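Keeping their order, the protein sequence lines are chains Y and V.
Numbering that gives the first Met the number 0 puts the first residue of the first sequence at 0, with every later residue one more than the last.
Numbering that gives the first Met the number 0 puts the first residue of the second sequence at 0, with every later residue one more than the last.
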Amino acid sequence: MSDTDHDIVVMTGIDKSFPGVHALQNVDFSLAKGEIHALVGENGAGKSTLIKVLTGVERPDRGTITLDGQPVVVRSPLHAQDLGISTVYQEVNLCPNLTVAENILIGRQPTKFGRVDWKAMNIRAKELLGELEVRIDVTQPLGSYSVAIQQMAAIARALVISNAKALILDEPTSSLTAHETAQLFRVMRKLKSEGIATVFITHFLDQVYEVTDRVTVLRNGTLVGTYATASVSRLDLIKLMLGRTLTTLDDMAAHKIVTRQHISSETLLEADGVGLSNSIEPFDLKLHPGEVLGLAGLLGSGRTEIANLLFGIDKPDEGTLTVGGSLVKNFSPAGSIGRGVALCPEDRKDQGIVGDLSVRENIIMAMQASKGWFKRLNSRDQDAIADRYIKLLNIATPSAEQAVKNLSGGNQQKVILARWLAANPRLLILDEPTRGIDVGTKADIQRLVLTLAEEGKSCVFISSELDEVLRTSHRIVVLRDRAKVSEFVGQVDEKEIMEAIAGSAA
Amino acid sequence: MKRGGFSFVWGQMTESRLFLPIAVLCLILIFDFFFIPGFFNLTFEQGHLYGSLIDILRNSVPTVILAMGMTLVIATGGVDLSVGAVMAISSSVACIMINPSIIGMNLSGNIGDLINDPGYSWAPMWAVILVPLIIGTLCGLWNGVLVSYGRIQPMVATLILMIAGRGIAQLITNAVKIIIFNDTYAYLGNGWIILPFAVYLALFVFVAAWLLTRRTAIGMFVESVGINFRASFYSGINEKKIKLFAYAFCGFCAGFAGLIAGSSIRTSDANQIGLYTELDAILAVVIGGTVMGAGGRFSLLGSALGAIVLYATITSMYAMGIAASAIIAVKAVVVIAVILLYSSQVQTMIRGIGKQSVRREVAR
Chain Y
0 MSDTDHDIVV
10 MTGIDKSFPG
20 VHALQNVDFS
30 LAKGEIHALV
40 GENGAGKSTL
50 IKVLTGVERP
60 DRGTITLDGQ
70 PVVVRSPLHA
80 QDLGISTVYQ
90 EVNLCPNLTV
100 AENILIGRQP
110 TKFGRVDWKA
120 MNIRAKELLG
130 ELEVRIDVTQ
140 PLGSYSVAIQ
150 QMAAIARALV
160 ISNAKALILD
170 EPTSSLTAHE
180 TAQLFRVMRK
190 LKSEGIATVF
200 ITHFLDQVYE
210 VTDRVTVLRN
220 GTLVGTYATA
230 SVSRLDLIKL
240 MLGRTLTTLD
250 DMAAHKIVTR
260 QHISSETLLE
270 ADGVGLSNSI
280 EPFDLKLHPG
290 EVLGLAGLLG
300 SGRTEIANLL
310 FGIDKPDEGT
320 LTVGGSLVKN
330 FSPAGSIGRG
340 VALCPEDRKD
350 QGIVGDLSVR
360 ENIIMAMQAS
370 KGWFKRLNSR
380 DQDAIADRYI
390 KLLNIATPSA
400 EQAVKNLSGG
410 NQQKVILARW
420 LAANPRLLIL
430 DEPTRGIDVG
440 TKADIQRLVL
450 TLAEEGKSCV
460 FISSELDEVL
470 RTSHRIVVLR
480 DRAKVSEFVG
490 QVDEKEIMEA
500 IAGSAA
Chain V
0 MKRGGFSFVW
10 GQMTESRLFL
20 PIAVLCLILI
30 FDFFFIPGFF
40 NLTFEQGHLY
50 GSLIDILRNS
60 VPTVILAMGM
70 TLVIATGGVD
80 LSVGAVMAIS
90 SSVACIMINP
100 SIIGMNLSGN
110 IGDLINDPGY
120 SWAPMWAVIL
130 VPLIIGTLCG
140 LWNGVLVSYG
150 RIQPMVATLI
160 LMIAGRGIAQ
170 LITNAVKIII
180 FNDTYAYLGN
190 GWIILPFAVY
200 LALFVFVAAW
210 LLTRRTAIGM
220 FVESVGINFR
230 ASFYSGINEK
240 KIKLFAYAFC
250 GFCAGFAGLI
260 AGSSIRTSDA
270 NQIGLYTELD
280 AILAVVIGGT
290 VMGAGGRFSL
300 LGSALGAIVL
310 YATITSMYAM
320 GIAASAIIAV
330 KAVVVIAVIL
340 LYSSQVQTMI
350 RGIGKQSVRR
360 EVAR
């Protein structure tokens, strides 16, 4: 058991607001000497904000931080390092073109007569990495090594620059293989034995159970609780993260039951052992016209990867995909649109909107793309289509000629939905269509999905919010660790789905 | 009403992409009106219209044509530095097709007589025009392949042809300046139908470019790819082909401009033809309000006006008797002025003029 009587960091009553978002509300967090402490929660739960407050990136509006019993105000990330709090970020932020040794010791190079003592530097770097049980040629550029080694170098740097008492690892395993993860865990346990406290942020629950002593759960900016990892079951942990208690399903549930009768027995899409290495394990999938298929699972479980394969962003390296009875060969968005498959992508800003173009142009874009370069929709048709969808989806915009970047997030999302509805697809894949938008629009979008199903179209509905998936989907596929683990049809028990998300090993 | 009227009209005007090029052109012409006597004089001789204003139009022709292609390339978020070199290649090819004796081709008949004959051309005239245009387009395709499929930074990718292009032009002509006596070819750059014939050619390229981009979906796709290529790809637009098209069209325009530039000096001068014109073309596009580097919304009319603004400035300088060698310094001043005018601070200031005038009148 960890040495909990000696807390290195204690954060009390931390409160932080950004314009429009109450990111942290009265959150307490403590970190004991020689423990590995998991910090979990879905997107927007407040994990990163809490870490930013601890490392001085953000100042809390209220609340105190004590370090070794002394109250401190962390002024900046640099100050945090001086205090002994080091962070290794998800994206390794080192210089790939410098050598490993330079990356570890830059800013603290050993010098001789005022010049850098390269020899001493390389020896020191080698020692430091040796302590982490990594033995490599430190004179090679960092970029020539695997991400895992780069992580190790980042950890070595974090330890050397601060004589760290506390180390924060922000999703260090998201791009590591199983073997590399194991190596990282060895290093974490070694640091633990040396009395360093580690905060470990991850979306992989298996890893929480494998390596951590305690776990703190955040949800919507509030503290759910801190538990000894061994004392809380996987299922309970997921419940705590998602915050789902069984609520009465609203009228949409009734609507769903009605639409279920419209599901055709034909097959619109069939995936047979479709998979892509390093992305998603091979999976089978069948979809009927008029059916809504929900993909449930935690972030990074493979939901977006499936969407990308079905829409042709990625090309599978095994298996066959059949849409409307014909084998898919042309894996590209353009090809998919030709087949009547559309994807409303997860990252609205990067993959969805074309900010400087008008609402009208954004709406007609996919339709025009499928018509080709030369068959331009004439202006009158463009205006008519834009007006129709602005009314249908209730898009709040001063005019169809407004640049789409000036609209709110929810309305931008509606514009992208309009783009795909205008293209009249047979299958609409919605990847996190409700993320970051207001509650009213969320309900609108869920209702729209059911309306589409009633019209005989198919939908794939992806959401981190389990109740949304339950409310809209006739069938639910559960994903875990980039593989399809189970499939539920008909009357679905929420508890079973949560168990499937968590993994039956609980 | 009058009060709000000015503010409203001013607001609408300054919002327009064409406001700055038109305003700057007006300022230059007003300056010329007061400080250069006779600048606005036009004379009509032998069915030709002459004058400084006509000179501005005539001199700006190659840059206007280049700017059409450059506009599309810049709108996709790229740049094409090779257009000057492609001009040299294009004019060299045209000259060698009229007179291939320079590369050791045996011509039937007395060479001296032949090449001095204003009616003589080894290849038929349609080929002399068409082949350089095709070669220019191929040069553009090469750039486009490097940028869109090779994923090389546009500046680096087109730098290759910018450097190599003049070498290629020299190879084509054996590094000899071929003097051309063919009158049909020379007509491209020197003919007149009231206005210089080249002005009509520029107008033709402008209209063709406008029809090609705005009467089809290509213009919107180019803008979309320039603003957010990932979102464009997700929407089913083939963003690579769009870029390829933009560079190919830019190469075509460079080939066209090369023909006119070569024709107007009646030689193939691989070292001089199109020298630094890539910079003029980029400058014209930027003056015309298409944003360099970021890509996105473009205006062909703005770019054409931008080229005319540039040559109005230069022609005015000449008219004031400033030495040709000092003109480059003047261009530098234009660049600085353009950058300042398009900065967000100055833009806000200009838009603010309308509001301020309202405030002042209200205060009164």
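Built from N, CA and C at the ideal position, the CB exists for glycine as well.
This structure is a prediction, so every number in the text was calculated from the model and none was measured.
Asked                                                                                                                                 : Found
Residues sharing a beta bridge with methionine 10 of chain Y, DSSP                                                                    : Y/Phe28, Y/Ile64
One or two residues paired with lysine 15 of chain Y in a DSSP bridge                                                                 : Y/Leu23
Cutoff 7 angstroms; reference isoleucine 415 of chain Y; Cβ partners in own chain excluding five residues on either side              : Cys343, Arg347, Gly351, Ile352
Alpha-carbon spacing of methionine 348 of chain V relative to valine 290 of chain V, whole angstroms                                  : 19 angstroms
is_contact[glutamine 411 of chain Y, chain V] using C-beta, thresh 8 angstroms                                                        : no
CB contact below 8 angstroms: serine 343 of chain V versus chain Y                                                                    : no
Own chain residues within Cβ distance below 6 angstroms of glycine 220 of chain Y, not counting five before or after                  : His21, Ala22, Leu23, Gln24, Gly45
Cβ of glutamine 401 of chain Y within 8 angstroms of any chain V Cβ                                                                   : no
Proximal residues, the segment 222-254 of chain V versus chain Y, C-beta separation under 7 angstroms                                 : Glu222, Ser223, Ile226, Asn227, Arg229, Ala230, Ser231, Phe232, Tyr233, Ser234, Gly235, Ile236, Asn237
Isoleucine 84 of chain Y, enclosing beta strand (DSSP E) - first and last residue                                                     : 84-87
Residues that phenylalanine 43 of chain V bridges to, as DSSP identifies them                                                         : V/Leu48
Isoleucine 177 of chain V at chain Y interface by Cβ criterion, 8 angstroms                                                           : no
Cβ shell of phenylalanine 220 of chain V (< 6 angstroms), same chain only, five flanking positions each side left out                 : Ile236, Ile241
Between the CA atoms of leucine 52 of chain V and phenylalanine 38 of chain V - distance to the nearest angstrom                      : 7 angstroms
Min CB distance aspartate 382 of chain Y to chain V below 8 angstroms                                                                 : no
Within-8 angstroms CB hit, alanine 421 of chain Y to chain V                                                                          : no
Same chain, Cβ closer than 7 angstroms to phenylalanine 251 of chain V, five either side skipped, listed in chain order               : Gly68, Leu132, Gly135, Thr136, Gly139
Reduced DSSP secondary structure (H/G/I, E/B, other) of isoleucine 103 of chain Y                                                     : helix
Minimum Cβ-Cβ distance from threonine 215 of chain V to chain Y less than 8 angstroms                                                 : yes
Residues near valine 73 of chain Y by beta carbon distance below 6 angstroms, same chain, minus five either side                      : Gly55, Ala79
Neighbour-count burial assignment, alanine 227 of chain Y, 16 or more Cβ in a 10 Å radius                                             : exposed
Beta-carbon gap between arginine 57 of chain V and alanine 185 of chain V smaller than 8 angstroms                                    : no
Whether leucine 299 of chain Y touches phenylalanine 330 of chain Y by CB criterion (8 angstroms)                                     : According to the sequence displayed, residue 299 of chain Y carries glycine and not leucine. For glycine 299 of chain Y and phenylalanine 330 of chain Y, no; Cβs fall outside 8 angstroms.
Nearest residue (CA-CA) to alanine 31 of chain Y, options Y/Ile195, Y/Arg107, Y/Gln139                                                : Y/Ile195
Cβ separation of glycine 440 of chain Y and glycine 409 of chain Y, assumed to be a contact under 8 angstroms, to the nearest whole Å : Looking at the sequence itself, residue 440 of chain Y is threonine, so the reference to glycine does not match. Correct: roughly 4 angstroms between the Cβ atoms.
Simplified DSSP assignment, three categories, for alanine 229 of chain Y                                                              : helix
Assigned secondary structure, proline 140 of chain Y (DSSP; H/G/I helix, E/B strand, else coil)                                       : strand
7 angstroms Cβ cut-off: residues of chain Y touching glycine 295 of chain V                                                           : Asp355
Pairwise C-alpha distance: glutamate 360 of chain Y and alanine 510 of chain Y                                                        : Any question about residue 510 of chain Y goes unanswered here, given that chain Y covers just 0 to 505.
Residues from the segment 359-380 of chain Y in contact with chain V, defined by Cβ distance under 8 angstroms                        : Glu360, Met364, Ala365, Gln367, Ala368, Ser369, Lys370, Gly371, Trp372, Phe373, Lys374, Arg375, Leu376
Buried or exposed by the 16-neighbour rule on C-beta atoms within 10 Å, applied to phenylalanine 248 of chain V                       : buried
Coarse secondary structure for leucine 356 of chain Y, derived from DSSP in three states                                              : coil
Local conformation of isoleucine 151 of chain V per DSSP, three classes                                                               : coil
Burial state of glutamate 222 of chain V (16 or more Cβ within 10 Å)                                                                  : buried
Cβ-based burial, glutamine 271 of chain V [other Cβ within 10 Å; buried from 16]                                                      : exposed
Residue of Y/Pro95, Y/Glu498, Y/Val322, Y/Phe373 minimising C-alpha distance to glutamine 150 of chain Y                              : Y/Pro95
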